[in-house]
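Okay, structure first, notes after.
Residue numbers (this note's numbering), protein chains in the order written: chain F, 1 to 338; chain Y, 1001 to 1337.
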């Protein structure tokens, strides 16, 4: 018990950003899996603020008294600690202005040449200052980092994951902020058109009851987490023509028990996994784990899909591609498959 | 006269042991019928519907019965191990986790969670945590027996506490090297989870728990005498060394097996033995079986509460044991005065 409480305490301190910040920014396994974790876990763990259904979403938090001054000039040295926002910046043609990215950034390939400045839990403030940024994109809960940047007069762009609609809202605001309004508008409009096209394509078709999982202990049906009735994953599933089996639970994530799956009886099970480490053989092996729950329609009809693709977990400009991936497995007929 | 004195509390305690046993059986039988989804007993045991198509039966036999059995196994093992460690160390604050078993198990689980995907040698979380527990037991045992013939409870305690701290530091190091998702999984594991979904984890832990309990069967009298002090026990013809070894290894084995199934669920191992002592007295012939049965029943009920109270969201069972166990114990403690 003592051990548990001690670990919980330290972990919560680390999560809250009280932990050591001066160490190397290259921790952990790479991969935008962490983008997803960033979307869902820290909100749960820190309890700082949970984006409920009726909580007004604040994708762009104007931070600090000095922010307004910097709004006039377009920044030339941007640091982004959020992989989704990094993608947005590159997609709107502001990639040249990006000088620093997080330790979890993998896309686009050009981020390989950018300086790494840590991530949500371990931003390297020293390296951030050394890069002389004139804009730092931070996560809304990084209060300490925001305060430190503010004291140093470095403007910040606050951001928090929310729903699907907030992606294009963020792109437009970000475009204004970095002096790329027109490009951002074009990008956002294109994403919205693509999303609308998918919505049209699956409209009128029966919507299969779908469980969208984003974590499970490999080899067993333990430690399962699913997207519930709030958040961009839920929104993606709905646009792709699925009916979220856990839509009534107004949370971003839900730990699933075997009973929950048996009771909700999803017709399709989609597991989102990282692009890395999931070959065809592993996917096939993990699909068989589900055979225990034979009364679940998805298991009986074999409609269990493990999609190992990072696009599905990053609420960035590639979100329409991600929705198309989902729509293809939910409505194969609508996409030309037999 | 002396005989009469010792026999009478034992005889008075036996019905309570029986009551604990009945409570355990009742809890295990009732728990699978209670849950967030209503199921009908007639459907569950229906001979006409195939099991593969029978949702009620699948909820009963796949989702709930393994959980109830796992809770009973884990609860019984932890409570018994708590009694044994408190007796062995002659310290009412001892828990099954005092001697480093849980820290070793936790380190194993952390390694499996963090590196399991890229380094399959580590194996499953269950196996890794069991291995970690056994390594910790082995190290503590070597330390405690290194300098002298017997098993010094002081050295045992110090070695265990030190190893706990050492493993905790390693755990934090591993966590610092993990990403958010892994840290979350690790934290969740520490909170305890009995949704085992299959009977395999129970069956693989069962032999270990059985061996431990076979050892416990010989421990009641030695533990009673140990309570009077090691020297006093020695003069009454008890092989103290052997009893201490059995207590330490048996308690550790039971703890390691329990933690590998459900994670380091707290409170059961310290609250249940004291609760039982408040009712039946200090005689280990009563405390040991009564704690085992009551611990099993207690954890089954706690897990039932964890999965129903704010369904469909589940509470971690470790939270429930502490939230319910703590105040209940204090109430009993104060009421007894």
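Where a beta carbon is used, it is the ideal one built from N, C-alpha and C, also for glycine. What you are looking at is a predicted structure, and each value in this text was computed from that prediction instead of being measured.
On the DSSP letters alone, give me the boundaries of the alpha helix (DSSP H) that residue i sits inside.
i, result
"residue 1305 of chain Y", "1284-1308"
"residue 1142 of chain Y", "1125-1146"
"residue 1279 of chain Y", "1268-1280"
"residue 1199 of chain Y", "No alpha helix (DSSP H) contains residue 1199 of chain Y, which DSSP labels as neither H nor E."
"residue 1189 of chain Y", "1180-1191"
"residue 1155 of chain Y", "1153-1176"
"residue 74 of chain F", "Looking at the DSSP string, residue 74 of chain F is not in any alpha helix (DSSP H), and its letter there is neither H nor E."
"residue 1313 of chain Y", "Unbroken run through residue 1313 of chain Y: none, as it is neither H nor E."
"residue 259 of chain F", "258-264"
Go ahead and pull the three-state DSSP assignment for residue i.
i, result
"residue 226 of chain F", "strand"
"residue 243 of chain F", "strand"
"residue 252 of chain F", "coil"
"residue 25 of chain F", "Legend: pLDDT at residue 25 of chain F = 31, less than 50; position of this residue unreliable, value from coordinates given subsequently. Residue 25 of chain F: coil per DSSP, three-state reduction."
"residue 81 of chain F", "coil"
"residue 1095 of chain Y", "coil"
"residue 321 of chain F", "helix"
"residue 235 of chain F", "helix"
"residue 1049 of chain Y", "coil"
"residue 1236 of chain Y", "coil"
"residue 281 of chain F", "helix"
"residue 126 of chain F", "helix"
"residue 117 of chain F", "coil"
"residue 1208 of chain Y", "helix"
"residue 1319 of chain Y", "helix"
"residue 211 of chain F", "strand"
"residue 18 of chain F", "With a pLDDT of only 31 at residue 18 of chain F, under 50, the local geometry of the prediction cannot be trusted, and the value read off the model is given with reservation. Three-state DSSP puts residue 18 of chain F in coil, outside helix and strand."
"residue 1021 of chain Y", "helix"
"residue 402 of chain F", "Outside the displayed range of chain F (1 to 338) lies residue 402 of chain F, so it cannot be described from this structure."
"residue 1265 of chain Y", "coil"
"residue 218 of chain F", "coil"
"residue 1106 of chain Y", "helix"
"residue 1012 of chain Y", "helix"
"residue 59 of chain F", "At residue 59 of chain F, the pLDDT of 41 sits below 50, so the modelled position is not reliable; the number obtained from the coordinates is stated separately. Correct three-state label for residue 59 of chain F: coil."
"residue 65 of chain F", "Only weak support is given to the placement of residue 65 of chain F: the predicted model assigns it a pLDDT of 42, under 50, and the question is left unresolved by the model."
"residue 1327 of chain Y", "helix"
Does the Cβ of residue i lie closer than 7 Å to at least one heavy atom of the ligand ZN?
i, result
"residue 1172 of chain Y", "Looking for the ligand ZN in the displayed structure turns up nothing, as the structure carries no ligands at all."
Specify, as a first and last residue, the run of the beta strand (DSSP E) that residue i falls within.
i, result
"residue 1229 of chain Y", "Per DSSP, residue 1229 of chain Y belongs to no beta strand (DSSP E) and is neither H nor E."
"residue 268 of chain F", "268-273"
"residue 100 of chain F", "98-101"
Hey, residue i and residue j: beta-carbon distance below 8 Å or not?
i, j, result
"residue 1271 of chain Y", "residue 1329 of chain Y", "yes"
"residue 316 of chain F", "residue 87 of chain F", "yes"
"residue 1096 of chain Y", "residue 1078 of chain Y", "yes"
"residue 1167 of chain Y", "residue 1107 of chain Y", "yes"
"residue 330 of chain F", "residue 312 of chain F", "no"
"residue 259 of chain F", "residue 1037 of chain Y", "yes"
"residue 1156 of chain Y", "residue 1089 of chain Y", "yes"
"residue 1276 of chain Y", "residue 1298 of chain Y", "no"
"residue 1069 of chain Y", "residue 1256 of chain Y", "no"
"residue 141 of chain F", "residue 159 of chain F", "no"
"residue 222 of chain F", "residue 1193 of chain Y", "yes"
"residue 1251 of chain Y", "residue 1085 of chain Y", "yes"
"residue 1347 of chain Y", "residue 1220 of chain Y", "Nothing about residue 1347 of chain Y can be reported from this structure: the residues present for chain Y run from 1001 to 1337 only."
"residue 178 of chain F", "residue 154 of chain F", "no"
"residue 1212 of chain Y", "residue 1016 of chain Y", "no"
"residue 102 of chain F", "residue 83 of chain F", "yes"
"residue 257 of chain F", "residue 1303 of chain Y", "no"
So with Cβ pairs under 8 Å, would you call residue i a contact of chain C?
i, result
"residue 1159 of chain Y", "Protein chains F and Y are contained in the structure displayed, whereas chain C is not."
Considering only residues of the region 292-319 of chain F, which uninterrupted beta strand (DSSP E) runs meet the minimum length of 3 residues and lie entirely inside it, listed in chain order? 304-308
Which runs of the beta strand (DSSP E), 3 residues or longer, sit entirely within the region 138-208 of chain F? 156-159
At a cut of 8 Å, does the region 84-93 of chain F reach the region 1134-1153 of chain Y through at least three beta carbon pairs? no
Okay, do the region 1129-1144 of chain Y and the region 1219-1237 of chain Y touch, 3+ Cβ pairs below 8 Å being the bar? no
May I ask you to verify whether the region 1054-1066 of chain Y touches the region 277-294 of chain F, counting CB pairs closer than 8 Å and requiring at least 3? yes
Taking three-plus beta-carbon pairs below 8 Å as touching, is the region 1260-1268 of chain Y in contact with the region 1101-1111 of chain Y? yes
Are the region 224-239 of chain F and the region 177-191 of chain F in contact at 8 Å, needing three or more beta carbon pairs? no
Is it the case that the region 1067-1083 of chain Y contacts the region 1268-1282 of chain Y, given that we only count it when at least three CB pairs across the two stretches are under 8 Å? yes
In chain order, which alpha helix (DSSP H) runs of at least 4 residues are fully inside the region 1026-1083 of chain Y? 1041-1044 and 1055-1058
Do the region 200-210 of chain F and the region 111-118 of chain F touch if we need at least three Cβ pairs shorter than 8 Å? no
Using 8 Å as the cut-off, can you tell me whether the region 210-227 of chain F makes contact with the region 243-252 of chain F, which would need three or more C-beta pairs spanning the two stretches below that distance? yes
Tell me, please, whether the region 205-212 of chain F touches the region 262-270 of chain F by the rule of three or more beta-carbon pairs shorter than 8 Å. yes
So, do the region 1188-1208 of chain Y and the region 1317-1336 of chain Y have three or more beta carbon pairs nearer to each other than 8 Å? yes
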